[in-house]
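K.L.:
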Amino acid sequence: MSATARARTVAGGGAVTREGIFLAEQLWPIKGQLVLAMIGLAIGGLMGLMQALDRVGIVIYKAMLMQTYYQGLTIHGVLLAFLFTFAFINAFVSLVAIRGFERPLASTFLAQGAFWTMLVGTLLAAYAILTNQATVLFTFYAPMRASSLFFLGAALLVISTLLTALNLVLTRRAWQREHPGERTPLLGFVGVVTYVMWALASLGVVVLVVFFLLPWSLGWLKTTDPQFNRILFWYTGHPIVYFWLMPAYISWYLMVPRQVGGRVFSDSLVRLAFILLLVFSVPTGLHHQYVDPGIPTVMKVVHLFTTFSVVFPSLVTAFTVMAALEDGGRARGGTGLLGWIWKLPWGDPSVAAQLLAMLVFILGGATGIVNASYNLNNVVHNTSFVPGHFHMTVGTAVTLSFIGISYWLIPFLTGRELMGRRLALAQAWLWFVGVLLFARGQIAAGLLGEPRRSSIGEAPYRDLISAGLDNWLTAIGGTLMVISGLLYFIVVLWTVFAGRRLTQPLEIPVAEMRFGARETSPRLDQLGFWFLIAVILAAIAYIPTILLYLPLQSVSPPIKVY
């Protein structure tokens, strides 16, 4: 079959190949989106250096061709939070869905359309930001005015993910027609759940951009309601965190155990964790708006409880992943209560990066509980505590996991051996140390009242904030993370352009189960049922909020603040 690439799997301990799974016309858009993700990580990460150094008064905006600190912060946030994550997730989840369902994606048209919409959206948004027509940060709150090209570009990025979501749902449906009565393969199931959750979660920002901000920026609407816009934004703004995180969970649950020689405890437990994320992820956004006026307190309390409900699937993840790691460590000869930890393959950069990401995520989750708490949030709201938190979650649990995944994903896609493995290992540890210093500085400074989204290096009140050591920790840690990023791109480029050709085909690592799909309740495979429950909970959480908020106060014209 001329239009196919070889699928790599392992059976009976020896490498075998299967034709017809990975189509060349579906692989190139996957590779293309991975390239876009790398571009977003490179440029966005470089902008992060400016943010870190600003904390100690080293102002280098002009040297980096930025007109203001906030232009650089916008590039940093948009390229990392949107482009890098969306493009990488599209590529990774599409690939593992093909492997999970053991068939090509249902639609090559949708696969290629996801790439082209991602590319065009990136170009439009990048042009608007780089020409200083959209310095509104990645949260783009009204009434800050941005070019319509920025909003159109952002919409296309989201559309790219929705095209991928549709393709995955159609692929699952095609698989079900071919395998009536069987459980959906777990690797395919978790990928579809990830995108089904996101399809529901993205509704807020889709309505915001399409019906409010884009017409407003084009002059078709003269005014808008900023507070209502914030409700729509945060309908999506917190669930997006789980859209970033769930692909990392896919690797932690189903791939890292294989890489360390362990087994996943239970097929049904993994499905349950992803179903709970689907059900509870969306009704959480108002915990970002505890201090906002005009929103009923009772609805904020509802979101308080649903936000804490998401902690449960995280605890299930901690148990399940830890059990699989212990299984692998003991299979490698680990003994005693903790002896198995040292037997894990810490010398494998793909494994080490993800294990370190898991460790940081523990701290990120703990600080997230502070943000979600009604009273404690008042202490840290809009302080540097918040970026300290999400650089441990999104900035490390997600990003460092994606980096670790790419250490096998890039060789798999290119057929070239990973080069500079020691350099890659150093990169993972340097990121780990850097983020701990960075987050320690940001969190401590936030507790002292240092604001977020502010150029501290140019602030006239800088001397009033007694966070000197904390800001230096932020600057040093951020610089180490940027250096780590540089090492990562050295490894990637070395592999792609000078890596040795592999003599044996690689596999996508997929772990075995102690208790497989045969023991899984049929109810856990009924995705439509759980999606309906998620829709009902989202409606309960937001329809009263919107009805009690109405009528809209559309009084704000667009304002340019940069």
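Numbering-wise (this note's numbering), the sequence shown opens with residue 940 and increments by one.
Glycine is no exception: its CB is placed at the ideal position from the N, C-alpha and C atoms.
1. Nearest-angstrom Cα distance between I1498 and N1071?
2. Could you tell me the distance, in whole angstroms, from the CA atom of W1159 to the CA atom of V1149?
3. What does a CB cutoff of less than 7 Å around I978 pick up in its chain, not counting 5 residues either side in sequence?
4. For a test of the three-state rule: what should DSSP assign to R1202, helix, strand or coil?
5. Does the Cβ-Cβ distance between T1047 and L962 come in under 8 Å?
6. Which of helix, strand or coil does DSSP assign to S1312?
7. Relative to the alpha-carbon of L892, which residue among F1377, W1347, E1397 has its alpha-carbon at the smallest distance?
8. Which residue wins for smallest C-alpha separation from G1201, given the options E1265, R1210, F1151, L1225?
9. Once DSSP output is grouped into helix, strand and coil, what is the label at S1033?
10. Taking Cβ positions only, does W1370 come closer than 8 Å to chain C?
11. What's the call for E1389, buried or exposed, on a 16-neighbour Cβ count within 10 Å?
12. Measure the C-alpha to C-alpha separation of Y1501 and L1044 and round it to an integer number of angstroms.
13. Within a Cβ cutoff of 8 Å, which residues of the same chain sit near G1438, ignoring the five residues on either side of it in sequence?
14. Mapping the DSSP letters down to three states, classify M1083 as helix, strand or coil.
15. DSSP state of I1482, grouped into three classes?
16. What does a CB cutoff of less than 7 Å around I1037 pick up in its chain, not counting 5 residues either side in sequence?
17. Let me make sure I understand the geometry here. Which of T1256, L1225, I1098 has the alpha-carbon closest to that of H1242?
18. Suppose the cutoff is 7 Å on Cβ atoms and the five residues either side in sequence are ignored; what does the same chain contact list for R1269 look like?
19. Would F1204 be called buried (16 or more neighbouring beta carbons within 10 Å of its own) or exposed?
20. Between which two residues does the beta strand (DSSP E) carrying I1014 extend?
21. Any idea what DSSP makes of G959, helix, strand or coil?
22. If I measure Cβ to Cβ from F1089 and keep anything under 6 Å in the same chain, skipping five residues before and after, which residues do I get?
23. How about L1466 and V1146: do their beta carbons lie closer than 8 Å?
24. Hey, quick one: how far does the alpha helix (DSSP H) through M1057 stretch, first residue to last?
25. Got a sec? Which residues, its chain only, sit under 6 Å from A1053 by beta carbon, not counting five neighbours each side?
26. Using DSSP's beta-bridge definition, name the partner residues of S1495.
27. I'd like the span of the beta strand (DSSP E) that includes M1452, first residue to last.
28. Cβ of S1122 within 8 Å of Cβ of A1456?
29. Is L966 close to the ligand FAD? I mean its beta-carbon at under 7 Å from any heavy atom of the ligand.
30. Tell me whether T1322 sits in a helix, a strand or coil according to DSSP, three-state version.
31. In this structure, how does DSSP classify P1186 when only helix, strand and coil are distinguished?
32. So for R1440, helix, strand or coil by DSSP?
33. Run the CB neighbour count on A942, radius 10 Å, all protein chains shown included, and call it buried at 16 or more, exposed below.
34. Compute the Euclidean distance between the alpha carbons of S1345 and W1114, then round it to the nearest angstrom.
35. So for R1122, helix, strand or coil by DSSP?
36. Please classify S1253: is it buried, with 16 or more other beta-carbons within 10 angstroms of its beta-carbon, or exposed?
P.N.:
Walking through what the data contain:
1. Numbered from its first residue, the sequence shown carries residue 1498 at position 559. Numbered from its first residue, the sequence shown carries residue 1071 at position 132. Each residue's alpha carbon lies about 14 Å from the other.
2. The sequence position of residue 1159 within the sequence shown is 220, counting from 1. The sequence position of residue 1149 within the sequence shown is 210, counting from 1. Using only the alpha carbons, I get a separation of about 12 Å.
3. Translated into positions along the sequence shown, residue 978 becomes position 39. Correct list: empty, nothing qualifies.
4. Counted from its first residue, the sequence shown places residue 1202 at position 263. R1202 falls in the strand class under three-state DSSP.
5. Sequence index remark: in the sequence shown, residue 1047 carries index 108 (1-based). Sequence index remark: in the sequence shown, residue 962 carries index 23 (1-based). Cβ distance < 8 Å, so T1047 and L962 count as in contact.
6. The residue labelled residue 1312 in the question sits at position 373 within the sequence shown. Per DSSP, reduced to three states, the secondary structure at S1312 is coil, with no helix or strand assignment.
7. Here the chain covers residues 940 to 1501 and nothing more, so residue 892 does not appear.
8. As a working mapping, residue 1201 is identified with position 262 in the sequence shown. Checked all of E1265, R1210, F1151, L1225; the closest Cα to G1201 is E1265.
9. Numbered from 1 along the sequence shown, position 94 holds the residue referred to as residue 1033. In the structure shown, S1033 sits in a helix (DSSP, three-state: H, G or I).
10. Note that chain C does not occur in the displayed structure, where there is just one protein chain.
11. In the sequence shown, counting from the first residue as 1, residue 1389 sits at position 450. Buried, since its Cβ has 16 or more Cβ neighbours within 10 Å.
12. Translated into positions along the sequence shown, residue 1501 becomes position 562. Translated into positions along the sequence shown, residue 1044 becomes position 105. Within the model, the alpha-carbon separation for Y1501 versus L1044 is close to 44 Å.
13. Residue 1438 sits at position 499 when you count from the first residue of the sequence shown. In the same chain as G1438, and ignoring 5 residues on each side of it, the C-beta atoms closer than 8 Å to its own belong to P1350, T1353, R1355, E1356, L1357, M1358, in chain order.
14. Here residue 1083 refers to the residue found at position 144 of the sequence shown. It is a strand residue.
15. Numbered from 1 along the sequence shown, position 543 holds the residue referred to as residue 1482. Note: I1482 maps to helix in three-state DSSP.
16. As a working note, residue 1037 is residue 98 in the sequence shown. Taking I1037 as the centre and dropping the five residues before and after it, the same chain places the C-beta of I960, F961, P1043, L1044 closer than 7 Å to its C-beta, in chain order.
17. Sequence index remark: in the sequence shown, residue 1242 carries index 303 (1-based). Minimum Cα distance to H1242 is reached at L1225.
18. For this step, residue 1269 is matched to residue 330 along the sequence shown. Counting only Cβ-Cβ distances below 7 Å, and skipping sequence neighbours, we find W1279.
19. Against the sequence shown, residue 1204 aligns to sequence position 265. When all chains shown are included, F1204 counts as buried.
20. Numbered from 1 along the sequence shown, position 75 holds the residue referred to as residue 1014. In this chain, I1014 is not harboured by any beta strand (DSSP E); it is covered by the alpha helix (DSSP H) spanning 1008-1017.
21. In the sequence shown, residue 959 corresponds to position 20, counting from 1. For G959, the three-state secondary structure derived from DSSP is strand.
22. In the sequence shown, counting from the first residue as 1, residue 1089 sits at position 150. Only A1064, A1067, A1073 meet the Cβ criterion.
23. Counting from 1 along the sequence shown, the entry for residue 1466 is found at position 527. Counting from 1 along the sequence shown, the entry for residue 1146 is found at position 207. Cβ atoms of L1466 and V1146: not closer than 8 Å.
24. In the sequence shown, the residue the question calls residue 1057 occupies position 118. 1047-1069 is the extent of the alpha helix (DSSP H) around M1057.
25. Your numbering for residue 1053 matches position 114 in the sequence shown. Within the same chain, and ignoring the five residues on either side of A1053 in sequence, the residues whose Cβ sits closer than 6 Å to its Cβ are N1029, S1099, L1102, T1103.
26. Position 556 of the sequence shown, counting from 1, holds the residue named residue 1495. Paired residues: T1163.
27. As a working note, residue 1452 is residue 513 in the sequence shown. In the DSSP assignment, M1452 falls within the beta strand (DSSP E) that extends over 1451-1454.
28. Position 183 of the sequence shown, counted from the start, is the residue given in the question as residue 1122. Position 517 of the sequence shown, counted from the start, is the residue given in the question as residue 1456. Here the sequence assigns Arg to residue 1122, which means Ser is not the residue at that position. Yes, they are a contact pair.
29. Annotation note on the ligand FAD: not contained in the displayed structure, which lists no ligands.
30. Locating residue 1322 in the sequence shown gives position 383, counting from the first residue. For T1322, the three-state secondary structure derived from DSSP is strand.
31. Position 247 of the sequence shown, counted from the first residue, corresponds to residue 1186. Correct three-state label for P1186: helix.
32. Translated into the one-based positions of the sequence shown, residue 1440 becomes position 501. In the displayed model, R1440 falls within a strand according to three-state DSSP.
33. Reading the sequence shown from its first residue, position 3 is the one you call residue 942. With a pLDDT of 36 at A942, under the threshold of 50, the modelled position of this residue cannot be trusted; read the value that follows with caution. Exposed.
34. Walking along the sequence shown from the start, residue 1345 turns up at place 406. Walking along the sequence shown from the start, residue 1114 turns up at place 175. Near 27 Å, if we compare the C-alpha coordinates of W1114 and S1345.
35. Translated into the one-based positions of the sequence shown, residue 1122 becomes position 183. Of the three classes helix, strand and coil, the one that applies to R1122 here is coil, per DSSP.
36. Here the question's residue 1253 lines up with position 314 in the sequence shown. The residue in question, S1253, is buried, as its Cβ has 16 or more Cβ neighbours within 10 Å.
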